[in-house]
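Protein chains: 2
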Amino acid sequence: MRPGTHRPSVPLEHRHVTRRIPQARDRGIPDATVARLPLYLRALNGLAERGTPTVSSEDLAVAAGVNSAKLRKDLSHLGSYGTRGVGYDVQYLIYQISRELGLTQDWAVAIVGVGNLGRALANYGGFASRGFRIAGLLDADPAVVGDRIAGLVVEHTDELESVIAGRAVSIVVIATPATAAQHVCDRVTEAGVTSILNFAPVVLNVPEGVDVRKVDLSIELQILAFHEQRKANGGPIMAEEWPDGVEQVNERSIGASS
Amino acid sequence: MRPGTHRPSVPLEHRHVTRRIPQARDRGIPDATVARLPLYLRALNGLAERGTPTVSSEDLAVAAGVNSAKLRKDLSHLGSYGTRGVGYDVQYLIYQISRELGLTQDWAVAIVGVGNLGRALANYGGFASRGFRIAGLLDADPAVVGDRIAGLVVEHTDELESVIAGRAVSIVVIATPATAAQHVCDRVTEAGVTSILNFAPVVLNVPEGVDVRKVDLSIELQILAFHEQRKANGGPIMAEEWPDGVEQVNERSIGASS
DNA sequence: CTCACTTTGTGCGTAGCTTCACAAAGGCAC
DNA sequence: GTGCCTTTGTGAAGCTACGCACAAAGTGAG
Numbered sequence: 002m003r004p005g006t007h008r009p010s011v012p013l014e015h016r017h018v019t020r021r022i023p024q025a026r027d028r029g030i031p032d033a034t035v036a037r038l039p040l041y042l043r044a045l046n047g048l049a050e051r052g053t054p055t056v057s058s059e060d061l062a063v064a065a066g067v068n069s070a071k072l073r074k075d076l077s078h079l080g081s082y083g084t085r086g087v088g089y090d091v092q093y094l095i096y097q098i099s100r101e102l103g104l105t106q107d108w109a110v111a112i113v114g115v116g117n118l119g120r121a122l123a124n125y126g127g128f129a130s131r132g133f134r135i136a137g138l139l140d141a142d143p144a145v146v147g148d149r150i151a152g153l154v155v156e157h158t159d160e161l162e163s164v165i166a167g168r169a170v171s172i173v174v175i176a177t178p179a180t181a182a183q184h185v186c187d188r189v190t191e192a193g194v195t196s197i198l199n200f201a202p203v204v205l206n207v208p209e210g211v212d213v214r215k216v217d218l219s220i221e222l223q224i225l226a227f228h229e230q231r232k233a234n235g236g237p238i239m240a241e242e243w244p245d246g247v248e249q250v251n252e253r254s255i256g257a258s259s
Numbered sequence: 002m003r004p005g006t007h008r009p010s011v012p013l014e015h016r017h018v019t020r021r022i023p024q025a026r027d028r029g030i031p032d033a034t035v036a037r038l039p040l041y042l043r044a045l046n047g048l049a050e051r052g053t054p055t056v057s058s059e060d061l062a063v064a065a066g067v068n069s070a071k072l073r074k075d076l077s078h079l080g081s082y083g084t085r086g087v088g089y090d091v092q093y094l095i096y097q098i099s100r101e102l103g104l105t106q107d108w109a110v111a112i113v114g115v116g117n118l119g120r121a122l123a124n125y126g127g128f129a130s131r132g133f134r135i136a137g138l139l140d141a142d143p144a145v146v147g148d149r150i151a152g153l154v155v156e157h158t159d160e161l162e163s164v165i166a167g168r169a170v171s172i173v174v175i176a177t178p179a180t181a182a183q184h185v186c187d188r189v190t191e192a193g194v195t196s197i198l199n200f201a202p203v204v205l206n207v208p209e210g211v212d213v214r215k216v217d218l219s220i221e222l223q224i225l226a227f228h229e230q231r232k233a234n235g236g237p238i239m240a241e242e243w244p245d246g247v248e249q250v251n252e253r254s255i256g257a258s259s
């Protein structure tokens, strides 16, 4: 290896897209805010279904599970869409957030890997309702190719490039085994895709300008386990040694000042 | 940071938690660090399989897709487990991280909701290999109860409390429809569960001390769409008004020609 | 019109996270 | 042992995000 010349290939956390030209019109919305907009959108849709015409930041914040000041600041990044003394018009805000997130247009999504997870995703209703249209299901296993799932026929991964090009796929979901993920990733990025949602438990290496978001079930459970352990015995067991007792006394209280 | 505290910041933005009990014990490991430990663990396991005895922070950082300084600081929160001039002993570090995360013990997990997603989760191999044992599958639909999935027989949700108590379930995965999620959540927290992994697209309301982590497929796609839109047309078009007949019809220049 | 009341939008202090850069610590050759 | 080289562990600086608290802006009654 060559230490020193490594590139932080793909951040787990989505970070700013690579080229951040400080334009005059720097409409940069903080990533943390972007991540919460879908949450607000969902809460707003719930209100809309019940016919609520307007909502205060306080009520919406409760519905979305966040602090109301944070919500107001988030929304202020989109513009000044509220009315003081009244609140926000539900329908109008839904439209504005949708537009900002790009949900007013249709996104063609392809799912690669039609195992259990891929099937679950294909059948998940939450996509279609938000402007995401599943345009293709692909798998490398001939036994699966040809199956009909959620109204689509599974195609072979040989067709990957032509499906992407032919159906204007702009987002690819990788739900393959870990071993195949990087190869699929290489092919789809090569084909021009710049947004990937990865369910495979690997760190994908992508060219600049490609966004990867990762969902990892195992990691979520491990984080829960950490907190559960904390709650259970007020901190990890103080057996800092190897099971059979090596030394390496760990005094990590030193220098731990904030 | 105290137990039970997730601070919303970035990484996989599915987090939302409840309370921050300012308990004593400043042995807190930053949440951001905890969220990355599983990543390091996976990278280390990969190295271990290939027989690598030691690894430098630089190499491990590359494998995990993070900055090496960050990795070192993260590890320093666990203790001083490296050797200057050499690096980290792979096996030893695996053990230390596992212990810190609580993976040296066995966690009984119950999955509620055996739809497409629940099945996928039940069949997902990544759990068992990390100390998570699926101890129960439950569903409210009589048509599903009795099915055998991944070696387990699906039980009716009526049995929820007895399954949790009888099999020492400490983590519950909610994979039900959104409408049922809060009810299930209430019952499992009432039964003493304090760690929940929620796949339902709702904000769960939980008592203090209960950790909820959320995975939301739709939200991930929406965040990708936002960035994709940015890349496509350098920011949303300035049609701030209602579609009033004139919507921002900017069909993104399709064609994989990019 | 004026006043009382509601709710937004935001300045600001603070806390936490990331990254740099370097001294300290250990191994290795001889 | 001595000196050189590698790599860790961490102070310190810079960013980003959070949330309080309040002025500004709007509503509605009389």
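Taken in sequence, the protein lines are chains W and X.
Final position of the first sequence in our numbering is 259; the numbers increase by one with none missing.
Final position of the second sequence in our numbering is 259; the numbers increase by one with none missing.
We put the beta carbon where it would ideally sit given N, CA and C, even for glycine.
A quick note: this is a predicted structure, and the numbers were derived from the prediction, not measured.
Worksheet item: At a CB-CB cut-off below 8 Å, which residues of chain X make contact with W/R131?
Response: S219, L222, Q223
So which residues of chain X does W/N46 contact, with C-beta pairs closer than 9 Å?
In chain order: nothing, as chain X lies at least about 10 Å away.
Kindly list the residues whose CB is nearer than 6 Å to the CB of X/C186, restricted to its own chain and excluding five residues on each side of it in sequence; keep chain order.
-> L205
Next on the checklist: I need the boundaries of the alpha helix (DSSP H) containing W/I30, first residue and last residue.
Outcome noted: Element bounds for W/I30: n/a, residue is neither H nor E.
*Out of W/E101, W/Y96, W/V174, W/E160, state which residue places its alpha-carbon closest to the alpha-carbon of W/D32.*
W/E101
task: Output, in sequence order along the chain, the residues in the segment 187-203 of chain X whose CB is closer than 7 Å to any CB in chain W.
output: T195, S196, L198, P202
Exercise for the section: Give the straight-line distance between the Cα atoms of X/G114 and W/G114, rounded to the nearest whole angstrom. Expected result: 23 Å
Counting only beta-carbon separations shorter than 8 Å, does X/E229 have a partner in chain W? yes
I'd like to know if the segment 154-163 of chain X and the segment 189-208 of chain W are in contact, where contact means that at least 3 CB-CB pairs between them fall below 8 Å. no
Do you know whose CA, among W/V154, W/G137, W/I135, W/A136, lies nearest W/A144's CA? W/V154
### Query
Comparing alpha-carbon positions, which option in W/T53, W/T55, W/N68, W/G29 lies nearest W/L40?
W/N68
Problem set entry | Span of the beta strand (DSSP E), counted from its first residue to its last, around W/N199 | 196-199
Collapsed DSSP secondary structure at W/H15 in the structure displayed
Its pLDDT being 33, under 50, W/H15 is placed unreliably in this model, and the value from its coordinates should be taken loosely. Three-state result, W/H15: coil.
Item to complete: Please report the Cβ distance between W/A179 and X/L104, rounded to the nearest whole angstrom; I am assuming they are in contact, meaning their Cβ atoms lie under 8 Å.
Response: With a Cβ gap of about 19 Å, W/A179 and X/L104 do not count as contacting.
> Which residue spans inside the segment 87-133 of chain X form an unbroken alpha helix (DSSP H) run of at least 4?
Replying inline: 91-102, 117-124
Q: Thinking X/R214 and W/I224 are a contact (beta carbons under 8 Å), I'd like their distance in whole angstroms, please.
A: 6 Å
Self-check item: Residues near X/D60 by beta carbon distance below 8 Å, same chain, minus five either side
Solution: G88
When the distance is taken between beta carbons, is W/N46 closer than 8 Å to W/I98?
no
For X/H184, does the count of other Cβ atoms within 10 angstroms reach 16, so buried, or fall short, so exposed? exposed
Which residue from W/G119, W/R134, W/Y93 puts its Cα closest to that of W/W108?
W/R134
- Query: In chain order, what residues of the same chain have a beta carbon less than 6 Å from the beta carbon of W/S58, not counting five sequence neighbours either side?
  - Reply: S69, L72, R73
Using a Cβ-Cβ cut-off of 7 Å (strictly less than) and excluding sequence neighbours within five positions of X/L1, which residues of its own chain qualify? The shown model of chain X, from 2 to 259, leaves out residue 1 of chain X, and the question about it has no answer.
For chain W, is any of its Cβ atoms less than 8 Å away from the one on X/V35?
yes
| What is the DSSP secondary structure of X/H184, counted as helix, strand or coil? | helix
Could you give the residue range of the alpha helix (DSSP H) that holds W/R214?
No alpha helix (DSSP H) contains W/R214, which is instead part of the beta strand (DSSP E) from 212-215.
### Message
Please report whether the beta-carbon of X/G103 lies at a distance below 8 Å from any beta-carbon of chain W.
### Response
yes
Note to self: Any heavy atom of the ligand COA closer than 7 Å to the beta-carbon of X/T55?
What the structure shows: Absence of the ligand COA is noted for the structure shown, with no ligands found whatsoever.
Subject >> the segment 161-182 of chain X: positions lying closer than 7 Å to chain W by Cβ >> reply: S171, I172
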